[in-house]
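Participant:
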Amino acid sequence: MKTRSRTLFAAIALAAITTLGLSACAGEDAAPAEGGSKGGTLNIDFATYNPLSLIIKDKGWLEEDLKSQGVSVNWIQSAGSNKANEGLRAGALDVGSTAGAAALLNRANGSQIKAITIANKPEWAALIVGKDSTITSVAELKGKKIAATKGTDPYFFLLQSLAEAGLSPEDVTIENLQHADGWSALQGGSVDAWAGLDPIMGGALENGAKFLYRNVDFSSYDVVAATESFIQKRPDIAQTVVNAYADARAWALKNPEETATILAKTASLDDAVATSVITDRTNFDVDPVPGDAQAKVLKVIGPVFVETGDVAGQSQVDDALKTLFEPSFAQAAKTTNRS
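Residue numbering for the sequence shown is -26 to -1, 1 to 313, as defined by mature numbering (1 follows the signal peptide of the UniProt record, and there is no 0).
#1: Excluding sequence positions up to five away, which residues of its chain have a Cβ less than 6 angstroms from the Cβ of Ile252?
#2: Determine the contact status of Ile18 and Ile50, defining contact as a CB-CB distance below 9 angstroms.
#3: Just to confirm the assignment, what range does the alpha helix (DSSP H) spanning Lys239 have?
#4: Helix, strand or coil for Glu97, going by three-state DSSP, please let me know.
#5: Under a three-way DSSP split, which group does Val198 fall into?
#6: To the nearest angstrom, report how far apart Lys308 and Val215 are at their CA atoms.
#7: In whole angstroms, what separates the C-alpha of Gly61 from that of Thr126?
#8: Thinking just about the alpha-carbon of each residue, which of Ala93, Ala66, Ala77 and Asn257 is nearest to the one in Ile30?
#9: Decide if Asn59 is buried, meaning its Cβ has at least 16 other Cβ atoms within 10 Å, or exposed.
#10: Can you tell which of Pro96, Thr297 and Ile102 has its C-alpha closest to the C-alpha of Ala200?
#11: Give me the DSSP bridge partner(s) of Leu295.
#12: Just reading off the alpha helix (DSSP H) that Gly245 is part of, what are its end residues?
#13: What distance in whole Å lies between the Cβ atoms of Asn56 and Ala75, which are believed to be in contact at a cut-off of 8 angstroms?
#14: Using 8 angstroms as the cut-off, can you tell me whether the segment 187 to 200 makes contact with the segment 97 to 105, which would need three or more C-beta pairs spanning the two stretches below that distance?
#15: State the CB to CB distance for the pair Gly182 and Lys105, rounded to an integer number of angstroms; the pair is presumed to be in contact (CB under 8 angstroms).
#16: In chain order, what residues of the same chain lie with their CB nearer than 7 angstroms to the CB of Asn24, ignoring the 5 residues before and after it?
#17: Can you tell which of Thr15, Glu202, Phe131 and Ala159 has its C-alpha closest to the C-alpha of Val271?
#18: Between Asp166, Arg81, Lys95 and Tyr129, which has its C-alpha nearest Lys116's C-alpha?
#19: Leaving out five residues before and five after Ser302 in sequence, what residues of the same chain have Cβ atoms less than 7 angstroms from its Cβ?
#20: For my contact list, residue 315 and Leu243 are in at a C-beta cut-off of 8 angstroms; report their separation, rounded to the angstrom.
#21: Suppose you measure from the CA of Asp293 to the CA of Phe204; what does that come to, to the nearest Å?
#22: Could you name the residues of the same chain whose beta carbon sits closer than 6 angstroms to that of Arg(-21), not counting the 5 residues immediately before and after it, in chain order?
Structure below.
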């Protein structure tokens, strides 16, 4: 068991390194929101794995709320938590959508980000096999090829699933592919399984793919993170963003069918697939204030970086977890009953 733990630690540390990749340059349109009471640009992401971000973008609420301040909104799509964290670290994003585990990895390795609200507690990750696969258990993945995006919740889901089945990452071949490419690899037969992410996973299931293993307890929360420099320079805009998320949560809970329609449109999914993602595997009815609930999930990976030598000491890891959350914005958030 100790050997398996060390190999698991090593694999997660490798994910940390992957997550820390930097963009070559942010570009003029990716400049952080500037200080002062007026003007600037908010660089914020939208992601199909974060349906609330899709609602806010579709409704134009941020553009409406920030117009009086002379602030423009620049929407950038994130293909995965790894990409959102790259954008945050490089300064291309002020606010990004990321799994809680990925955010902790980024913070533990020096990225100055804070979780400012919680979007949802999804069952967005699972192990998937092709429709003709004869594999029926995680243990049967020994010696097989598995697609996963390192630095994201599906990757951590895979590592936990392997450990639970008595396997280590060295017992399989993990192909580091972005989520959509992982599904393509499974379809093409170049991998035996895929650590999937909704809503791409929903489309895969509609096309005959099968669940190999599900466990919602292995998924971390959908976190909305912001850079510390953005929070310090423009707390007013940060509050506006969190307010919009509060409105989107209330709207989504009242309008699940329309939420699914927005997801279907953005992700090019059939309505039935999007409805399944929203109604079966997405939970918006959670406390949006980041804190103890997320810490309980995330502290299991705290010792990883010290064990592998990736972080100098346990106090450094502890500080990352203690300082990851900024609850004040979600605590102050108000809904406006938008329609």
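Just so it is clear, CB atoms sit at the ideal spot from N, CA and C, and this is done for glycine as well. Predicted model, so just to flag it, every value in this text is computed and none were measured.
Facilitator: This is what the structure holds:
#1: Same-chain partners within the cutoff: Pro230, Thr233 and Ala234.
#2: yes
#3: Pro230 to Ala241
#4: coil
#5: DSSP places Val198 within a strand segment (E or B) once states are collapsed to three.
#6: 11 angstroms
#7: Approximately 14 angstroms between the Cα atoms of the pair.
#8: Ala93
#9: When all chains shown are included, Asn59 counts as buried.
#10: Thr297
#11: Bridge partners of Leu295: none, in fact.
#12: It is Asp, not Gly, that sits at residue 245 in the sequence shown. Residues Asp245 to Arg255.
#13: In fact, because the Cβ distance is near 11 angstroms, the residues do not count as touching under 8 angstroms.
#14: Contact holds: three or more Cβ-Cβ distances are below 8 angstroms.
#15: Correct: roughly 3 angstroms between the Cβ atoms.
#16: Ser71, Ala93 and Asp196
#17: Nearest option by C-alpha distance: Phe131.
#18: Asp166
#19: Once the five neighbours on either side are set aside, Ser302 has no close Cβ partner at all.
#20: Residue 315 lies beyond the stretch modelled for the chain, which goes from -26 to 313, so this question has no answer here.
#21: 21 angstroms
#22: Here the model assigns Arg(-21) a pLDDT of 45, short of 50, so the residue's position is not dependable and the matter cannot be decided.
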